[in-house]
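Undergrad: Residue numbers (this note's numbering), protein chains in the order written: chain R, 1 to 201; chain W, 202 to 402; chain G, 403 to 603; chain X, 604 to 804.
4 protein chains.
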Amino acid sequence: MPKNTFYNINPEKRKRIINIAIKEFKDSHYENASINNIIKNAGIPKGSFYQYFENKKDLFEYIIGLVRKEKLNYVTERVRNPKEYRFFEVIHDMSNIALTFAENHPELQAISEKLVQDRDHDIYKEILSKNREIALSEYRELIELGITKGELDSNINSYLTAHMIYSYNREIVTFYIENPNFNKEEVINDYVSLLQYGIAK
Amino acid sequence: MPKNTFYNINPEKRKRIINIAIKEFKDSHYENASINNIIKNAGIPKGSFYQYFENKKDLFEYIIGLVRKEKLNYVTERVRNPKEYRFFEVIHDMSNIALTFAENHPELQAISEKLVQDRDHDIYKEILSKNREIALSEYRELIELGITKGELDSNINSYLTAHMIYSYNREIVTFYIENPNFNKEEVINDYVSLLQYGIAK
Amino acid sequence: MPKNTFYNINPEKRKRIINIAIKEFKDSHYENASINNIIKNAGIPKGSFYQYFENKKDLFEYIIGLVRKEKLNYVTERVRNPKEYRFFEVIHDMSNIALTFAENHPELQAISEKLVQDRDHDIYKEILSKNREIALSEYRELIELGITKGELDSNINSYLTAHMIYSYNREIVTFYIENPNFNKEEVINDYVSLLQYGIAK
Amino acid sequence: MPKNTFYNINPEKRKRIINIAIKEFKDSHYENASINNIIKNAGIPKGSFYQYFENKKDLFEYIIGLVRKEKLNYVTERVRNPKEYRFFEVIHDMSNIALTFAENHPELQAISEKLVQDRDHDIYKEILSKNREIALSEYRELIELGITKGELDSNINSYLTAHMIYSYNREIVTFYIENPNFNKEEVINDYVSLLQYGIAK
DNA sequence: AATGAATGAGCGTTCATTCAT
DNA sequence: TATGAATGAACGCTCATTCAT
């Protein structure tokens with residue numbers, strides 16, 4: 001957690017540091033992201049940096065927190081209480097959120113992607129692994145609820161399906177970023193259909 | 202590309218260097234992988250290293266090439282002329298290959314995963330992007346062929362579906378590695394079903 | 403010398419600062435002792451520290467002064483007018499005091515030891531050298547008085563003897579600390595005998 | 604241990620590094636002795652330093668080793684097989700060695716003193732503590748042998764006496780350094796006399 | 001071709017002290 | 001007087017690469 005000092009400084013300066021840091025972490029791996037670069041680009045003395053943050057990790061986790069918080073803003077009523085809504089509606093909303101967020105915050109999305117991707121790296125692991133497990137188990141719950149409610153095929157493997165949805169949710173973002181000419185709503189609908197009915201004739 | 206000198210040295214030594222490098226790149230990210238470690242562990246002089254390879258990147262790309270080739274061998278030995286087979290048989294076989302490869306070559310799989318995951322990193326991007334595009338377009342061809350042959354639903358978005366298969370194919374490996382108690386054949390069948398018929402009741 | 407502000411603050415706070423500083427200087431050498439640690443542990447603002455003390459050295463010298471004063475209290479309460487007593491009685495009493503002090507104030511003793519040991523270090527040298535010279539010359543006076551009174555051998559070199567006593571007095575404390583199973587009174591008696599009659603048969 | 608590199612460089616450069624390092628360790632505590640100072644003063648690049656030595660500790664231990672070796676030269680030439688000689692002759696010779704060494708190698712003596720003095724510091728502790736225990740137990744052996752041979756008073760406490768001789772041996776060096784006008788041989792004789800017969804009339 | 005020493009930029013972090021409020 | 005933010009020099013050490021032999 002940043003020290004209080006950081007929250008008390010000139011907001012403009014604070015924003016500058018944040019933006020520079022976001023850029024640094026977007027462009028480089030945690031290990032390679034350079035505090036020296038950050039302070040140089042943000043125009044602050046090295047000593048000041050350590051007045052604001054405990055250490056490099058502290059800054060990183062703060063940035064990650066910002067990303068998460070920003071993403072949270074996008075979450076809709078349906079995704080907040082997923083169990084009360086129909087399964088494919090929830091999936092639809094989650095995709096919509098992911099795509100909209102990626103559209104509006106490409107740098108945050110980049111960091112977010114890095115987090116999810118870099119499963120091997122200690123610092124990412126630390127931050128991610130809990131998240132991932134939570135996400136997977138929440139997906140699984142939803143799936144099993146969907147089966148109970150009769151929305152989903154009772155023969156599917158809920159563990160595997162949770163994984164597939166998890167990975168699919170990420171891939172659709174990549175797809176949308178790489179194919180900006182597609183219509184967002186259509187992409188989402190196609191995606192949900194694929195999940196729903198498969199691809200066989 | 203390694204220099205000629207590398208191909209002229211004692212094959213045993215060459216193999217040793219390769220194995221040590223694989224281990225290093227498996228354990229650490231490109232940036233953190235240490236030439237110093239590699240030469241120390243492989244027992245070769247530092248000067249020699251630079252006789253064999255232009256630089257760190259050269260070595261990395263060489264190792265990646267090996268991984269690719271090794272994987273390709275797996276694939277080509279097993280999936281000949283995919284277009285002559287039925288779509289879901291091809292998918293089934295490809296999954297089987299991927300899982301078997303991951304089982305038999307965990308280090309190569311680890312590097313391979315790192316590559317695919319780390320889409321943002323310059324060095325990975327450079328190496329990966331071409332590959333990824335090739336894979337995606339091959340999937341797309343297969344899908345369109347499947348539609349033509351009447352195996353697949355003609356309403357599906359072939360671009361998006363290619364992405365889905367691409368991401369599913371990766372995720373199933375992760376799933377299988379993380380859940381070694383599941384039966385391989387069952388996992389694959391469940392996966393193919395999922396793809397085929399979706400998850401809706 | 404601490405600034406007046408230091409003497410004006412809440413006595414409890416003053417005592418807390420002193421105790422924390424004693425602990426810091428006991429645990430670390432002057433150079434490594436950290437003002438940051440001290441203020442953090444004492445719970446005072448950094449600015450305040452520099453209101454109380456000129457700088458690190460100022461604090462250190464103050465603490466040393468306290469140690470000296472504390473030790474002096476011990477000594478003056480117990481060894482009054484040494485010149486009026488018999489030489490070996492004085493030695494005996496001084497040893498007793500030194501051992502008792504070490505027993506009762508292990509942290510102050512530790513700092514004290516550090517001071518005496520680290521003869522080379524500038525800061526210690528500065529503080530110590532005067533003390534040491536005073537001690538040596540007082541010992542010498544005592545010795546010469548002892549000779550005059552006929553208690554001591556008139557052939558001994560009073561300079562060298564003063565050094566011997568100085569070093570013995572320190573070593574006996576170390577010995578007693580390192581060998582807590584020995585009986586204090588016996589240790590002192592053995593020491594005085596050694597000094598008195600030497601070790602030759 | 605320095606790396607081979609260090610032994611292979613230009614002897615003049617090597618000697619320069621050694622001398623600079625000796626000066627640095629003489630003037631500053633281990634923690635405060637600065638590699639940056641050393642390389643700057645010795646005119647070598649930082650990278651080169653780490654070609655020669657593993658790290659700061661490595662350099663320090665090397666310097667300590669030099670001191671010990673140098674001192675050993677003095678000792679072995681003079682105090683061979685102490686147990687075959689008379690006790691006070693051995694003490695006499697040891698003092699002579701200590702004084703002569705201090706005379707001829709004041710900087711090494713300074714480091715040596717620092718080592719013996721700084722009993723609290725981790726790095727010194729590590730190097731010293733074994734030495735100290737060995738010295739103390741060898742003194743004790745000598746003392747007990749002296750008692751057996753009838754040279755020493757059988758009533759003395761051999762543990763305490765060993766400590767006293769240990770500390771005395773150090774103090775005499777200080778004395779001699781601080782009082783260079785005294786005659787060496789006389790100082791030694793006086794010292795031995797004090798030990799032998801004590802100071803009582 | 002083989003070797004391994006030379007190089008210096010770069011790393012994250014701590015520090016005692018100053019200074020503006 | 002009290003505060004705590006600002007400061008930048010300094011720390012030990014690692015690194016990939018170059019170069020002389």
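Every residue, glycine too, gets a C-beta built ideally from N, C-alpha and C.
Compare the beta carbon distance of ILE44 (chain R) and ILE63 (chain R) with 9 Å and say whether it is the shorter of the two.
TA: no
Undergrad: Using the Cβ count rule (16 or more neighbours within 10 Å means buried), how would you classify ASN19 (chain R)?
TA: exposed
Undergrad: Anything in the region 159-184 of chain R with a Cβ closer than 8 Å to a Cβ of chain W? List those residues in chain order, please.
TA: Shown in chain order are the members of the region 159-184 of chain R whose Cβ falls below 8 Å from a Cβ of chain W: TYR159, LEU160, THR161, HIS163, MET164, TYR166, SER167, TYR168, ARG170, GLU171, ILE172, THR174, PHE175, ASN179, PHE182.
Undergrad: Please compile the residues from chain R whose C-beta is within a distance smaller than 7 Å of the C-beta of ASP354 (chain W).
TA: Those within 7 Å of ASP354 (chain W) in chain R are ILE199, ALA200, LYS201.
Undergrad: Which term fits THR161 (chain R), buried or exposed, when burial requires 16 or more other beta carbons within 10 angstroms of its beta carbon?
TA: buried
Undergrad: Around the Cβ of MET202 (chain W), are there at least 16 other Cβ atoms within 10 angstroms (buried) or fewer (exposed)?
TA: exposed
Undergrad: Using the beta-carbon count (16 or more within 10 Å), is TYR360 (chain W) buried or exposed?
TA: buried
Undergrad: Under three-state DSSP, which class holds ALA602 (chain G)?
TA: strand
Undergrad: So with CB distances below 7 Å, who are the chain R contacts of TYR392 (chain W)?
TA: The answer, in chain order, is LEU160.
Undergrad: Answer yes or no: does any C-beta atom of chain G fall closer than 9 Å to that of ILE746 (chain X)?
TA: So yes, ILE746 (chain X) belongs to the interface.
Undergrad: Using a beta-carbon distance cut-off of less than 9 Å, what residues from the region 473-493 of chain G approach chain X?
TA: PHE489, PHE490
Undergrad: Considering only C-alpha positions, which residue in the set X:ILE802, X:ASN607, X:ILE714, X:ASN758 is nearest to ILE549 (chain G)?
TA: X:ILE802
Undergrad: Could you tell me whether any Cβ in chain G is nearer than 9 Å to the Cβ of ASN635 (chain X)?
TA: yes
Undergrad: If I follow the unbroken alpha helix (DSSP H) through ASP118 (chain R), where does it start and stop?
TA: Note, ASP118 (chain R): premise wrong, no alpha helix (DSSP H); not H, not E.
Undergrad: Would you mind stating whether THR576 (chain G) and HIS766 (chain X) have Cβ atoms separated by less than 9 Å?
TA: yes
Undergrad: Between LEU669 (chain X) and chain G, is the shortest Cβ-Cβ distance under 9 Å, so that the two count as touching?
TA: Using a Cβ-Cβ cut-off of 9 Å, LEU669 (chain X) does not count as an interface residue toward chain G, since no Cβ of chain G sits closer than that to its own.
Undergrad: Determine whether the Cβ of ALA222 (chain W) lies closer than 9 Å to any Cβ atom of chain R.
TA: no
Undergrad: Name the residue from W:ILE312, W:VAL317, W:VAL276 whose alpha carbon lies nearest to the alpha carbon of ASN297 (chain W).
TA: W:VAL276
Undergrad: Hey, could you find the ends of the alpha helix (DSSP H) ASP429 (chain G) is sitting in?
TA: 413-429
Undergrad: If we count the other Cβ atoms within 10 Å of its Cβ and call it buried at 16 or more, is GLU372 (chain W) buried or exposed?
TA: buried
Undergrad: Go to LEU66 (chain R), then tell me how far its alpha helix (DSSP H) extends in each direction, as first and last residue.
TA: 56-73
Undergrad: What residues in its chain sit with their C-beta under 6 Å from that of ILE714 (chain X), if we drop five residues either side in the sequence?
TA: Once the five neighbours on either side are set aside, the close Cβ partners of ILE714 (chain X) are PHE628, LYS629, VAL670.
Undergrad: To test your reading of the DSSP string, which unbroken alpha helix (DSSP H) runs of 4 or more residues are found completely within the region 291-365 of chain W?
TA: 307-318, 323-349
Undergrad: Check the Cβ of HIS724 (chain X) against every Cβ in chain G and list those closer than 8 Å, keeping chain order.
TA: HIS431
Undergrad: Using the beta-carbon of each residue, which ones in chain W are nearer than 9 Å to LEU194 (chain R)?
TA: ILE357, ASN358, LEU361, THR362, MET365, LEU396, GLY399
Undergrad: CA-CA distance, LYS214 (chain W) and ILE335 (chain W)?
TA: 34 Å
Undergrad: Would DSSP call TYR432 (chain G) helix, strand or coil?
TA: coil
Undergrad: Taking the alpha helix (DSSP H) that PHE207 (chain W) falls in, what are its first and last residues?
TA: Here the alpha helix (DSSP H) through PHE207 (chain W) covers 205-209.
Undergrad: Give the interface partners of LYS331 (chain W) over in chain R, defined as CB-CB distance under 9 Å, in chain order.
TA: Ordered by position in chain R, no residue passes the 9 Å Cβ test against LYS331 (chain W), which lies about 14 Å from the chain.
Undergrad: Helix, strand or coil, according to DSSP, for GLY43 (chain R) in the structure here?
TA: coil
Undergrad: Whole angstroms are fine: how far does the CA of ASN585 (chain G) sit from the CA of ALA500 (chain G)?
TA: 15 Å
Undergrad: Are the CB atoms of TYR800 (chain X) and ASP495 (chain G) within a distance shorter than 9 Å?
TA: ASP495 (chain G) is not a Cβ neighbour of TYR800 (chain X), given a cutoff of 9 Å.
Undergrad: Does any CB atom of chain R fall closer than 9 Å to the CB of LYS258 (chain W)?
TA: False, the Cβ-Cβ gap to chain R never drops below 9 Å.
Undergrad: How many angstroms separate the CA atom of ILE143 (chain R) from the CA atom of TYR251 (chain W)?
TA: 54 Å
Undergrad: Which one of G:TYR593, G:LEU510, G:GLU433 has the shortest CA to CA distance from LEU474 (chain G)?
TA: G:LEU510
Undergrad: So is SER368 (chain W) buried or exposed if we call it buried at 16+ other beta carbons inside 10 Å?
TA: buried
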